[in-house]
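Asker:
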Amino acid sequence: MAILLLAFIYISFISLGLPDSMLGAAWPVIRSDLNLPVYTAGIISLTITCSTVISSMLNPFIVKKIGTGKIVVISTLFSSVGLFTFSHAPSFALLCLSAVLIGLGGGSIDAALNNFVALHYQAKHMNWLHSLWGVGTTLGSYIISIFIVYPEGWRKGYLVVSAFQLLLATLFFILLPVWNIYEKDNNNKSSNIRKNERKKSLLFASAAISIITFFFYCAIETTTGLWASSFLVNYKHISPSIAAKGTSSFFFGITIGRILSGFVSMKLSGKKIIRLSLALLFTGIFVLLTDVPQMIYLFGFALIGFGCAPIFPTMMHETPKRFGEDISHIVISMQMAAGYLGSALAPLLFGVVISIIGVYVLPLYLLILLFILTLFTELLNYRLNKKAEGL
Numbered sequence: 049m050a051i052l053l054l055a056f057i058y059i060s061f062i063s064l065g066l067p068d069s070m071l072g073a074a075w076p077v078i079r080s081d082l083n084l085p086v087y088t089a090g091i092i093s094l095t096i097t098c099s100t101v102i103s104s105m106l107n108p109f110i111v112k113k114i115g116t117g118k119i120v121v122i123s124t125l126f127s128s129v130g131l132f133t134f135s136h137a138p139s140f141a142l143l144c145l146s147a148v149l150i151g152l153g154g155g156s157i158d159a160a161l162n163n164f165v166a167l168h169y170q171a172k173h174m175n176w177l178h179s180l181w182g183v184g185t186t187l188g189s190y191i192i193s194i195f196i197v198y199p200e201g202w203r204k205g206y207l208v209v210s211a212f213q214l215l216l217a218t219l220f221f222i223l224l225p226v227w228n229i230y231e232k233d234n235n236n237k238s239s240n241i242r243k244n245e246r247k248k249s250l251l252f253a254s255a256a257i258s259i260i261t262f263f264f265y266c267a268i269e270t271t272t273g274l275w276a277s278s279f280l281v282n283y284k285h286i287s288p289s290i291a292a293k294g295t296s297s298f299f300f301g302i303t304i305g306r307i308l309s310g311f312v313s314m315k316l317s318g319k320k321i322i323r324l325s326l327a328l329l330f331t332g333i334f335v336l337l338t339d340v341p342q343m344i345y346l347f348g349f350a351l352i353g354f355g356c357a358p359i360f361p362t363m364m365h366e367t368p369k370r371f372g373e374d375i376s377h378i379v380i381s382m383q384m385a386a387g388y389l390g391s392a393l394a395p396l397l398f399g400v401v402i403s404i405i406g407v408y409v410l411p412l413y414l415l416i417l418l419f420i421l422t423l424f425t426e427l428l429n430y431r432l433n434k435k436a437e438g439l
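Note that the working numbering has the sequence shown beginning at 49, numbered continuously upward.
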């Protein structure tokens with residue numbers, strides 16, 4: 049049963065990625081069908097993000113009351129209902145209401161599953177699970193592309209994904225007894241993180257630093273994914289069709305990188321993997337600063353994606369080890385919330401930068417974010433070493 053549960057968790061990570069690419073893929077047709085201004089897509093996206101942040105922050109308190117298993121079932125149902133109402137929405141207001149449900153469901157299940165996997169499974173599974181999020185985003189846009197050729201076909205696409213989420217919620221409900229076994233086992237484990245007040249203050253200060261690192265990592269990932277094509281077209285004067293491959297190369301690098309990092313995690317520590325990833329990130333960004341043939345820029349974005357790949361899942365998996373199993377659900381929820389905020393704010397800020405300076409500063413912007421990420425990562429390592437030494 050434990051293997052069956054892990055299999056469904058793998059499937060659930062695919063489902064987490066499905067809605068993330070559907071709105072962008074379907075928006076041109078949704079806007080036309082409902083006669084909406086272009087900018088309203090940003091409002092819907094922001095609504096999902098805000099709901100996800102709220103859900104992530106509330107997750108540890110809800111899990112404490114009802115447990116991870118029930119949270120996963122309820123959150124998946126929320127997502128299913130949100131996608132269903134989105135598929136039937138006759139107006140912008142109902143699209144936004146549906147977006148709230150999608151965000152609430154997505155944020156809670158994301159935080160709950162990340163904590164559960166960090167507690168009960170090896171680092172390789174965390175990496176492979178996050179690689180399946182990339183598979184989900186690819187499938188989401190593909191599903192829309194299948195149905196969008198028909199009149200109001202985007203509604204059918206959302207309906208199909210809603211049905212899949214409902215099926216998944218049903219399967220998770222059937223597996224509730226297995227979830228409960230894991231929860232009981234985890235509750236019986238003792239924690240020794242509060243040996244004295246000095247260690248306690250050091251621990252929570254370190255947790256705050258860890259939360260900040262998630263903000264800046266997600267800032268790098270989302271900014272690159274959103275503005276890569278614009279950088280290649282408007283500054284490097286590459287054709288839109290090839291520039292789109294630059295964005296695809298970035299996400300391909302993330303997906304392949306996470307698959308490979310699952311194997312690497314069997315040999316190297318999380319600290320070494322993150323440091324290697326930061327070096328790869330720097331190398332990829334440096335490529336964008338050089339004057340090279342077009343295809344090398346695609347390689348640069350692929351390298352950035354490859355560097356990004358292990359950071360999020362590795363930091364997530366290290367959380368219980370770093371801060372203790374008894375507060376890992378709180379720290380992970382805050383990390384997820386910070387990540388969502390970084391994903392929302394950093395690309396928006398760069399949009400302002402573009403309007404003032406120009407898109408050519410993308411590599412410099414990414415280098416600044418990378419410098420801050422590296423600074424906080426090493427500060428976190430330093431403080432955790434102090435904790436390990438009992439200082």
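All C-beta atoms in this analysis are idealised placements derived from N, C-alpha and C, irrespective of residue type, glycine included. As the structure is a prediction and not an experimental result, all values here were calculated from the model.
Roughly how far, in whole angstroms, is the beta-carbon of Ile322 from the beta-carbon of Ile359, given that I think they are within contact range, below 8 Å?
Answerer: Yes, they are in contact, since the Cβ atoms of Ile322 and Ile359 sit about 6 Å apart, within 8 Å.
Asker: Reducing DSSP to helix, strand and coil, say where Leu422 ends up.
Answerer: Note on residue identity: the sequence assigns Thr, not Leu, to residue 422. In this structure, Thr422 counts as helix in the three-state DSSP scheme.
Asker: Decide if Ser123 is buried, meaning its Cβ has at least 16 other Cβ atoms within 10 Å, or exposed.
Answerer: With 16 or more other Cβ atoms within 10 Å, it is buried.
Asker: Mapping DSSP to helix, strand and coil, what is Gln213?
Answerer: Three-state result, Gln213: helix.
Asker: Report the CB separation of Ser382 from Met105 in whole angstroms; it is logged as a contact under 8 Å.
Answerer: Per the sequence presented here, residue 382 reads as Met, with Ser not at that position. Indeed, because the Cβ distance is near 7 Å, the residues count as touching under 8 Å.
Asker: What is the DSSP secondary structure of Ser139, reduced to helix, strand or coil?
Answerer: Correct three-state label for Ser139: coil.
Asker: Report buried or exposed for Thr425, applying the criterion of at least 16 other Cβ atoms within 10 angstroms of its Cβ.
Answerer: Answer is buried; the Cβ neighbour count reaches 16.
Asker: For Leu223, which residues in the same chain have their Cβ closer than 8 Å to its Cβ, ignoring the five residues on either side in sequence?
Answerer: Within the same chain, Leu223 has close Cβ partners Met49, Leu52, Leu53, Phe56, Gly117.
Asker: Would Val121 be called buried (16 or more neighbouring beta carbons within 10 Å of its own) or exposed?
Answerer: Label assigned to Val121: buried.
Asker: Expressed to the nearest angstrom, what Euclidean distance is found between the alpha-carbon atoms of Asn244 and Val208?
Answerer: Unreliable placement is indicated for Asn244, whose pLDDT of 46 sits below 50; the coordinate value is still reported in the next sentence. Going by the C-alpha atoms only, they are around 53 Å apart.
Asker: For Leu143, which residues from the same chain have a beta carbon less than 7 Å from its beta carbon, with the 5 sequence-adjacent residues on both sides left out?
Answerer: Excluding residues within five positions, the ones whose Cβ falls inside 7 Å are Ile92, Phe134, Ala137.
Asker: Of the residues Leu412, Ser156, Ile62, which one's Cα is nearest the Cα of Ile110?
Answerer: Measuring from the Cα of Ile110, the nearest candidate turns out to be Ser156.
Asker: If you draw a straight line from the C-alpha of Met70 to the C-alpha of Ala141, how long is it?
Answerer: Approximately 19 Å between the Cα atoms of the pair.
Asker: Which residue from Ala166, Leu396, Ser297, Leu346 puts its Cα closest to that of Pro361?
Answerer: Looking at the Cα atoms, Ala166 is the closest of the given residues.
Asker: Exposed or buried, which one is Leu337 when buried takes at least 16 other CB atoms within 10 Å?
Answerer: With fewer than 16 other Cβ atoms within 10 Å, it is exposed.
Asker: Anyone know if the C-beta pair for Phe298 and Ala327 falls short of 8 Å?
Answerer: No; because the gap between Cβ atoms is not below 8 Å, this pair is not in contact.
Asker: What residues in its chain sit with their C-beta under 8 Å from that of Ser60, if we drop five residues either side in the sequence?
Answerer: Excluding residues within five positions, the ones whose Cβ falls inside 8 Å are Val120, Thr124, Ile157, Leu161, Leu216, Phe220.
Asker: Taking Asn228 and Ser376 to be in contact with their CB atoms under 8 Å, please state how far apart those CB atoms are, rounded to whole angstroms.
Answerer: Contact doesn't hold; Cβ gap of about 19 Å is too wide.
Asker: Check whether the Cβ atoms of Pro76 and Gly154 lie closer than 8 Å to each other.
Answerer: Cβ atoms of Pro76 and Gly154: not closer than 8 Å.
Asker: Pop quiz: Phe419 and Thr271 are said to be a contact at Cβ under 8 Å. What is the actual Cβ separation, rounded to whole angstroms?
Answerer: Incorrect: roughly 14 Å between the Cβ atoms, too far for contact.
Asker: Please work out which residues of its chain come closer than 7 Å, Cβ to Cβ, to Phe126, disregarding the five sequence neighbours upstream and downstream, and give them in chain order.
Answerer: Within the same chain, Phe126 has close Cβ partners Leu149, Leu152, Gly153.
Asker: So, at 6 Å on beta carbons, what are the nonlocal neighbours of Gly355 in its own chain, with the 5 sequence-adjacent residues on each side left out?
Answerer: Counting only Cβ-Cβ distances below 6 Å, and skipping sequence neighbours, we find Ser325, Leu328, Leu329, Gly332.
Asker: Which same chain residues end up closer than 6 Å to His365 when comparing Cβ atoms and leaving out the 5 residues on each side of it in sequence?
Answerer: Counting only Cβ-Cβ distances below 6 Å, and skipping sequence neighbours, we find Ala166, Ala171, Met174.
Asker: When the Cα atoms are used, what is the spatial distance from Val183 to Ile196?
Answerer: Whole-angstrom Cα-Cα distance: 20 Å.
Asker: How many angstroms separate the CA atom of Val281 from the CA atom of Ala357?
Answerer: Each residue's alpha carbon lies about 25 Å from the other.
Asker: What does a CB cutoff of less than 6 Å around Ser278 pick up in its chain, not counting 5 residues either side in sequence?
Answerer: So the qualifying residues of the chain are Val407.
Asker: Of the choices Val401, Asp81, Leu415, Ser254, whose alpha-carbon is the least far from that of Pro199?
Answerer: Residue Asp81 is the option with its Cα nearest to Pro199.
Asker: To the nearest angstrom, how far is it from the Cα of Ser239 to the Cα of Leu177?
Answerer: A caution first: Ser239 carries a pLDDT of 46, below 50, which makes its placement in the model unreliable, though a value can still be read off. When rounded, the distance between both Cα atoms is 27 Å.
Asker: State the Cα-Cα distance for the pair Ile304 and Gly353, rounded to the nearest angstrom.
Answerer: Cα to Cα, Ile304 sits roughly 9 Å from Gly353.
Asker: Please list, in chain order, all residues of the same chain as Val401 whose beta carbon is under 7 Å from its beta carbon, the five residues on each side excluded.
Answerer: So the qualifying residues of the chain are Val409, Tyr413.
Asker: Is Asn240 helix, strand or coil by DSSP?
Answerer: Low confidence applies to Asn240: its pLDDT is 47, below 50, so where it sits in the model is not reliable, and the reading given next is rough at best. The answer is coil: DSSP assigns Asn240 none of H, G, I, E or B.
Asker: In chain order, what residues of the same chain have a beta carbon less than 7 Å from the beta carbon of Ile192, not counting five sequence neighbours either side?
Answerer: Result list for Ile192: Met70, Ala73, Ala74, Trp202, Gly205, in chain order.
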